[in-house]
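Report on the following structure.
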Amino acid sequence: MASKKIDINKASVEDFEKVNGIGLRKAKAIIKYRKSFGGFSTVKDLSSVPGVGDCIVEQSRTQLTCSNRKRKAVRTPKVKDNVCKEQPSSSGLSARSIRHNQRALFKSTGEHVDDGNSIVSHEGHMSEEESGDEVMFREEDRSNAQHKSRIPIPVNGLFSSHVMKRKGHVVKEEPDSSPGKKFCRDGDYQSTFVNLQKSSRQNLIATQRMRIPSKEHPPDKLAEWLQIFQNWGNAERLMALDELITFCDPTQVRHMMQVIEPQFQRDFISLLPKELALYVLSFLEPKSLLKAAQTCRYWRVLAEDNLLWREKCREESIDDNLVYGINRLRRRHTSRCPWKSLYMRQHQIELNWRTGEIPGPKLLKGHDDHVITCLEFCGTRIVSGSDDNTLKVWSAITGKCLRTLVGHTGGVWSSQMSNSVVISGSTDRTLKVWNADTGQCIHTLYGHSSTVRCMHLHKNVVVSGSRDATLRVWDIDSGACLHVLMGHVAAVRCVQYDGRRVVSGAYDYMVKVWDPETETCLHTLQGHTNRVYSLQFDGIHIVSGSLDTSIRVWDVEAGNCLHTLIGHQSLTSGLELKDNILVSGNADSTVKVWDITTGQCLQTLQGKILLSKYGI
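Going by full-length UniProt numbering, the first residue of the sequence shown is number 1, and it counts up by one from there.
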């Protein structure tokens, strides 16, 4: 059942409070406005009330109605003939009798007469009396002694509104100086007040009947005034607004503030669709995104969007594979924005490298006097292989040995590690698959006829190279040998595997490219004049380091040499390639940074100088 509509010409403050969007303050403002203008013509007239906008009127239109406003004629009370009697000019007339007559006249006319000749008028308060569909008004008795009247100045028969004055415009009013009082005759006294009473009531009734201005019924000549304002320049407009504010009362100034302030407080981001808002925020730097997240709750939700931070990671070339143990960390991580956590972690690592204090070295003791032949680092664990036939798992944080992997019958010369899986190759001609968490040997892989000197792990497939001049492809889950690659005529020293191609370097000075599925050699890269000790392969380029002191860059598809990098003086035993930038470590105690697309050396790091700096 639909609720009863509220008549805006009859409703009380409590009734208006029940309407959506209208509180106590707005309800009182509506009642005051209705009393001042004698009622409303339509529901839309509510938008003219200060603080009640078109939005609230449209929202509450279904709850409101407006009855026709009707007024009963207000009678003019008769003035008694004996209000002011002619008194003797000297002895019979007294000030007390005059004041008595003035009070009697005020009681009958509603006008207040001062003790002097000045005339003072109260504001006309109107109170409602509801009778059926009619809205009647009566003038309240204003003779209350506690009421303080305001004194408007009559202009053309109408009382002018109070002008809001600024501090610079306030002028002290000097008291009237009247050395003597001249009393009027009986007839003049009575006629003056009766005429003033009639004109005042006529003006009040005319004011009540004025139509409330609205968009449908604008004031006269408003369009002309606006056209003149539009034709003015900026200086003229500012001056006009300055003068206009001077003539506004506080209620009108407050209305202007309510209209203007929201225009400067608009949140443009919250007004956009989420996709567009994220697109705008994507142009911010990560540091600015963090500051934007502190603005408000909605901005924080946008600034922590996972896809937004994924793009930031891609801009910085941060990938899952670059963060050690990312899968294990993700399982433990409960953040709703893992890409942001990844970016912050990588940023902190780079910051530590650039500005962090260099911690003291940790000595990992456990292999005694035996030679450490291979080393792998993954997450917070280090795995070392030695010619004492064992591998040891260390904590990179504490430097303690967590466990020892025992099982080989010969020295361990190669190893690979991924998460908790460790693969080792030994002089006993076998490979072993270990669980680094438990120290258990999962598989022992047999097949090579000599020392397993190198290996490379990709997902669950490992490729091993041996001094028997062959390479073998293994499945570490089942322990089965999948393929055997034969073609080298000397020991295989280094190998790389990207899941599609196998690249191997050997003591026969050759670099070979293989298709492991067909077990065929695709290219034999010739150019080195000594043994090949190190390799890097990114799917497009092959980089090989040799005992002949040179580094060569090859095209994997064409099989031709693109660049020969000259600069080292000895064996290049370590290479690292990323985004066409190569870092090489050499036995001449230098580390060089190269651009493999141009073949230029970008930087040379002298190891002896760095070591002497720290007293090592």
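Just so you know, even glycine gets a beta-carbon here, dropped at the ideal spot from N, CA and C.
When DSSP labels each residue in this structure, what does residue i get in the three-state scheme?
i       : result
Ser-450 : coil
Arg-493 : strand
Tyr-279 : helix
Tyr-507 : coil
Phe-377 : strand
His-541 : strand
Trp-413 : strand
Ser-589 : coil
Ala-104 : Low confidence applies to Ala-104: its pLDDT is 45, below 50, so where it sits in the model is not reliable, and the reading given next is rough at best. Helix, per DSSP.
Asn-435 : strand
Cys-66  : coil
Ser-534 : strand
Gly-574 : strand
His-347 : helix
Leu-607 : Residue identity check: residue 607 is Gly in the sequence provided, not Leu. It is helical.
Ser-341 : helix
Arg-237 : helix
Ile-6   : strand
Cys-55  : helix
His-488 : coil
Glu-111 : For Glu-111, the predicted model reports a pLDDT of 44, less than 50, meaning its position is unreliable; a value from the coordinates is still stated below. Three-state result, Glu-111: coil.
Leu-272 : coil
May I have the straight-line CA-CA distance separating residue i from residue j, to the nearest angstrom?
i       : j       : result
Met-486 : Thr-380 : 37 Å
Ser-450 : His-443 : 19 Å
Cys-374 : Pro-286 : 39 Å
Ala-396 : Glu-376 : 11 Å
Leu-342 : Lys-365 : 33 Å
Trp-554 : Ile-542 : 5 Å
Ile-56  : Ala-277 : 29 Å
Asn-68  : Gly-39  : 9 Å
Asn-306 : Arg-336 : 8 Å
Gly-439 : Gly-385 : 14 Å
Trp-434 : Ser-414 : 14 Å
Leu-363 : Asp-319 : 31 Å
Glu-216 : Trp-232 : 26 Å
Leu-577 : Thr-604 : 16 Å
Ser-418 : Gly-479 : 16 Å
Glu-58  : Cys-248 : 28 Å
Glu-519 : Cys-481 : 13 Å
Thr-572 : Leu-289 : 44 Å
In chain order, what residues of the same chain have a beta carbon less than 6 Å from the beta carbon of residue i, not counting five sequence neighbours either side?
i       : result
His-523 : Val-513, Gly-559
Tyr-497 : His-456, His-458, Val-463
Trp-339 : Asn-306, Trp-309, Arg-310, Cys-313
Cys-601 : Gly-567, Lys-592, Trp-594
His-563 : Val-553, Gly-599
Cys-494 : Cys-454, Gly-505, Ser-534, Leu-535
Arg-96  : Any answer about Arg-96 is weak, because its pLDDT of 47 lies below 50 and its placement is not dependable; what the coordinates show is given next. Counting only Cβ-Cβ distances below 6 Å, and skipping sequence neighbours, we find nothing.
Asp-54  : Ser-47
Mind reading off the beta-carbon distance from residue i to residue j? Whole number of angstroms is fine, and I expect it under 8 Å.
i       : j       : result
Val-492 : Ala-469 : 6 Å
Leu-535 : Ser-550 : Their Cβ separation, rounded to whole angstroms, is 14 Å, which puts Leu-535 and Ser-550 out of contact at 8 Å.
Arg-472 : Val-484 : 5 Å
Gly-407 : Cys-454 : Their Cβ separation, rounded to whole angstroms, is 20 Å, which puts Gly-407 and Cys-454 out of contact at 8 Å.
Gly-527 : Cys-561 : 5 Å
Gly-545 : Leu-575 : 5 Å
Ser-426 : Val-461 : At roughly 20 Å, the Cβ-Cβ gap does not stay under 8 Å, so Ser-426 and Val-461 are not in contact.
Thr-404 : Lys-392 : 5 Å
Asn-389 : Val-422 : Actually they are not in contact, since the Cβ atoms of Asn-389 and Val-422 sit about 15 Å apart, beyond 8 Å.
Lys-26  : Leu-64  : Not quite, the Cβ-Cβ distance comes to about 13 Å (not below 8 Å), so this is no contact.
Val-13  : Ile-31  : 6 Å
When DSSP builds the beta bridges, which residues end up paired with residue i?
i       : result
Val-473 : Val-463, His-483
Ser-386 : Ile-372
Leu-525 : Val-511
His-563 : Val-553
Gly-425 : Ser-414, Leu-431
Trp-594 : Leu-582, Cys-601
Val-502 : Tyr-497, Trp-514
Met-455 : Ser-464
Cys-441 : Trp-434
Thr-404 : Lys-392
Given residue i, which residues of its chain have a CB within under 8 Å of its CB, disregarding the five upstream and five downstream residues?
i       : result
Ala-29  : Val-49, Pro-50, Gly-51, Val-52
Lys-613 : The predicted position of Lys-613 is uncertain, since its pLDDT is 39 and thus under 50; a value taken from the coordinates is nonetheless stated next. Counting only Cβ-Cβ distances below 8 Å, and skipping sequence neighbours, we find nothing.
Arg-61  : Val-43
Asp-548 : His-528, Thr-529, Asn-530
Ala-240 : Phe-229, Trp-232
For residue i, which residues in the same chain have their Cβ closer than 7 Å to its Cβ, ignoring the five residues on either side in sequence?
i       : result
Trp-299 : Ile-269, Ala-292, Ala-293
Thr-251 : Pro-50
His-255 : Pro-50
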